[in-house]
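Written out below as structure tokens is the structure these notes cover.
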Amino acid sequence: MGLWRSSCPTVCPVCDAEIGPAVADAEQPSCPECTHALRPLRVAGLWRRTLAGLLDGAVLLLTAGLLNALLLMWLDPPPLLGDARGLDAMLRVLDVPVTAVLRRYAPALLMAALYFGLFWSMFGQTPGHRVLRLRVVDPWGQPPRPWWAAVRVLGHGLGLAIGAMGWLWVAFDREKRGLHDHLARTYVVRET
0 MGLWRSSCPT VCPVCDAEIG PAVADAEQPS CPECTHALRP LRVAGLWRRT LAGLLDGAVL
60 LLTAGLLNAL LLMWLDPPPL LGDARGLDAM LRVLDVPVTA VLRRYAPALL MAALYFGLFW
120 SMFGQTPGHR VLRLRVVDPW GQPPRPWWAA VRVLGHGLGL AIGAMGWLWV AFDREKRGLH
180 DHLARTYVVR ET
């Protein structure tokens, strides 16, 4: 149920047939191959999505970050960098095992995964998306099902793990979709 307003051709969400920009201007847009009804939508670009992510990051920092910090204060684990300071600490960062960092911040990461997964699957938007009038939808214009929202969360982690290239993919993709969007079959669209 989607047709993305763009100067580039896109594909039908049902049959993957190529759809040119002229179809969006039709009175009743439909796929030229399977005649599936299409609805003109505008996809969100990298900067608007980044700003929404920063807003969500602020919410998570004040909630999950604070809870994680309190938990660490209560557990009192040894410092990751030992007693290193200054340049020595900066060089030791490269020696810290990734698993140790993940264990230390696992509660915050779990809360962030639940935050995004639940908001995407229940409402199709996080608070940051709501402020910027964005919505995460599947090819039929609905919020992603819980399974696909979970795949999208994992795709975000994977996109970050490869040097944020999965996120930057949005800037170069003709449908403005990142790695996480392709894996979860989702689009981020602007509300009208």
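For the sequence shown, position 110 matches number 109 in numbering that gives the first Met the number 0, and the numbering has no gaps at all. Think of the CB as a built atom: it goes at the ideal place given N, C-alpha and C, for glycine as much as any other residue. Being a predicted model, the structure only gives us computed values, none of them experimental.
message = Suppose you measure from the CA of V187 to the CA of L133; what does that come to, to the nearest Å?
response = Position 188 of the sequence shown holds residue 187. Position 134 of the sequence shown holds residue 133. Near 7 angstroms, if we compare the C-alpha coordinates of L133 and V187.
ask   = Which residue spans inside the segment 13-74 form an unbroken alpha helix (DSSP H) run of at least 4?
value = 45-59, 65-74
inquiry  = For L131, report the span of its beta strand (DSSP E) as first-last.
reply    = Locating residue 131 in the sequence shown gives position 132, counting from the first residue. Per DSSP, L131 belongs to no beta strand (DSSP E) and is neither H nor E.
task = Please name the residue, chosen from P20, Y114, P143, R189, that lies closest to D180 on a Cα-to-Cα basis.
result = The sequence position of residue 180 within the sequence shown is 181, counting from 1. Out of P20, Y114, P143, R189, P143 has the C-alpha closest to the C-alpha of D180.
ask   = Would you report the Cα separation of V42 and L108, rounded to the nearest angstrom?
value = Along the sequence shown, one-based indexing puts residue 42 at 43. Along the sequence shown, one-based indexing puts residue 108 at 109. The alpha-carbon atoms of V42 and L108 are separated by roughly 28 angstroms.
request  = Count the other C-beta atoms from every protein chain shown that fall within 10 angstroms of the C-beta of R151, then say buried if there are 16 or more, exposed otherwise.
outcome  = Within the sequence shown, residue 151 is the residue found at index 152, counting from 1. Flag for R151 reads buried.
query = At which residues does the alpha helix (DSSP H) containing R151 begin and terminate?
reply = Against the sequence shown, residue 151 aligns to sequence position 152. First-last of the alpha helix (DSSP H) with R151: 145-160.
ask   = Where does D24 land, buried or exposed, given buried means 16+ other C-beta within 10 angstroms?
value = Numbered from 1 along the sequence shown, position 25 holds the residue referred to as residue 24. With fewer than 16 other Cβ atoms within 10 Å, it is exposed.
message = Tell me the DSSP secondary structure of V100 in three-state form.
response = Start at 1 with the first residue of the sequence shown, and residue 100 comes out as number 101. It is helical.
query = Roughly how many whole angstroms lie between the Cα atoms of R184 and A148?
reply = By 1-based counting over the sequence shown, the position of residue 184 is 185. By 1-based counting over the sequence shown, the position of residue 148 is 149. About 10 angstroms.
ask   = Is L178 closer than 8 angstroms to G158 when the C-beta atoms are compared?
value = As a working note, residue 158 is residue 159 in the sequence shown. As a working note, residue 178 is residue 179 in the sequence shown. In contact: G158 and L178 (Cβ atoms closer than 8 angstroms).
task = Take L49 as the anchor and find which of T34, L131, A16, A63 has the nearest alpha-carbon.
result = Residue numbering aside, residue 49 sits at position 50 when the sequence shown is read from its first letter. The amino acid at residue 49 is misidentified as Leu; the sequence shows Thr. Looking at the Cα atoms, L131 is the closest of the given residues.
task = Whole angstroms is fine: what's the gap from F118's alpha carbon to Q124's?
result = Counting from one through the sequence shown, the residue named residue 118 turns up at place 119. Counting from one through the sequence shown, the residue named residue 124 turns up at place 125. One C-alpha to the other measures close to 6 angstroms.
query = Buried or exposed: where does R38 fall if 16 or more other Cβ atoms within 10 Å of its Cβ makes it buried?
reply = What you label residue 38 is simply residue 39 of the sequence shown in a count that begins at 1. Exposed, because fewer than 16 other Cβ atoms sit within 10 Å of the Cβ of R38.
message = Looking only at its chain, what residues have a beta carbon closer than 7 angstroms to the beta carbon of R4, apart from the 5 residues adjacent to it on each side?
response = Along the sequence shown, one-based indexing puts residue 4 at 5. For R4, the predicted model reports a pLDDT of 45, less than 50, meaning its position is unreliable; a value from the coordinates is still stated below. The residues are A23, P39, L40, R41.
request  = Compute the beta-carbon to beta-carbon distance between L55 and G154, rounded to the nearest angstrom, for a pair I have assumed lies under 8 angstroms.
outcome  = Here residue 55 refers to the residue found at position 56 of the sequence shown. Here residue 154 refers to the residue found at position 155 of the sequence shown. Correcting the residue identity first, residue 55 is Asp in this sequence and not Leu. At roughly 16 angstroms, the Cβ-Cβ gap does not stay under 8 angstroms, so D55 and G154 are not in contact.
message = Buried or exposed, going by whether 16 or more other CB atoms sit within 10 Å of the CB of P12?
response = On the sequence shown, position 13 is the one that residue 12 refers to. Classification of P12: buried, given that the 10 Å Cβ count is 16 or more.
query = Between L71 and R91, is the Cβ-Cβ spacing less than 8 angstroms?
reply = To locate residue 71, count along the sequence shown from 1; it is residue 72. To locate residue 91, count along the sequence shown from 1; it is residue 92. No, these two residues do not count as a Cβ contact at 8 angstroms.
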